[in-house]
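Residue -17 is where the sequence shown starts when you use the numbering used here, and the numbers rise one by one after that. Even for Gly, the Cβ is constructed at its ideal location relative to N, Cα and C. Written below as structure tokens is the structure these notes are about.
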Amino acid sequence: MKRCPECRKDYIDDSLLYCLDDGTPLVQGSVSDEPATAIFSGVSGDDATKVLNAEGTSSEAKPITLSFPAFLSWRTLPWVVAGIFGLAAIFFGWSYLSGGRTSVGTAAVRLSFEPSSELSFNDSQPDWAVISPDGEKILFSASGADGKNVLFVREINSSEVKPLPGSSEAVEPFWSPDGKSVAFGSSGKLPLGSRRRQSAGAL
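Here it is as structure tokens:
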């Protein structure tokens, strides 16, 4: 028989090491003025009652109390759960951002060109030069042999230039997003020129 030195309860089962009420280590011996609490390993409740009645003792049912470890107390448990969810959110966010991001190589491109001998830039008004969205052509303004300032289209990898009809005195030209047409201001209107037909018409 063992007893608890704190609550002064007796335990018949010698295999127990700690008090079931307060967790105090049990010691050998009994407390004569306290009723014994019978704990039998591998013995049914009816058999335990018979043994206690035979010994002239009585047993009282004690409630079983479940307790969390110290770091999972009711005060710290919400913080532990919140920390776990926070770490999970950070992990999934990082996985989503790193997995969905693709690296695209970029390189700086320098371009310089000079108009052909029969063309010249006009020093009395601004000249324009705009590269197409696909990076294959350049649209620029220059003066021809007749002295008129019009728009020209030239392939980046070619020296041949083609004038854009109807683009006399054009200002602020720009390419369409698909690179098939160009638009520019002229005499208060916004003509649109097709790169393929090399023609221009008012919108």
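Asked                                                                                                                 : Found
Span separating the alpha-carbon of Lys130 from that of Trp76                                                         : 59 Å
Whole-angstrom C-beta distance between Phe134 and Leu146, which should lie under 8 Å                                  : 7 Å
The beta strand (DSSP E) enclosing Arg136, as first and last residue numbers                                          : 131 to 137
Per-residue DSSP class, three states only, for Gly65                                                                  : helix
Per-residue burial, Ile(-6) [other beta carbons within 10 Å of its own, 16 or more giving buried]                     : buried
Ile113, enclosing beta strand (DSSP E) - first and last residue                                                       : 111 to 113
Neighbourhood of Asp3 by C-beta distance below 6 Å, restricted to the same chain and skipping five residues each side : Cys(-11)
Coil, strand or helix - Gly11 by DSSP                                                                                 : coil
Nearest-angstrom Cα separation, counted from Val143 out to Ala119                                                     : According to the sequence shown, residue 119 is Lys rather than Ala. Taking the straight line joining both Cα atoms gives about 10 Å.
Under 8 Å between C-beta atoms of Val132 and Ser114                                                                   : no
Range covered by the beta strand (DSSP E) that runs through Lys144                                                    : 143 to 145
Exposed unless 16 or more other CB atoms sit within 10 angstroms - verdict on Leu8                                    : buried
Contacting residues, own chain, Cβ-Cβ under 6 Å from Glu186 (five flanking each side not counted)                     : Any question about residue 186 goes unanswered here, given that the chain covers just -17 to 185.
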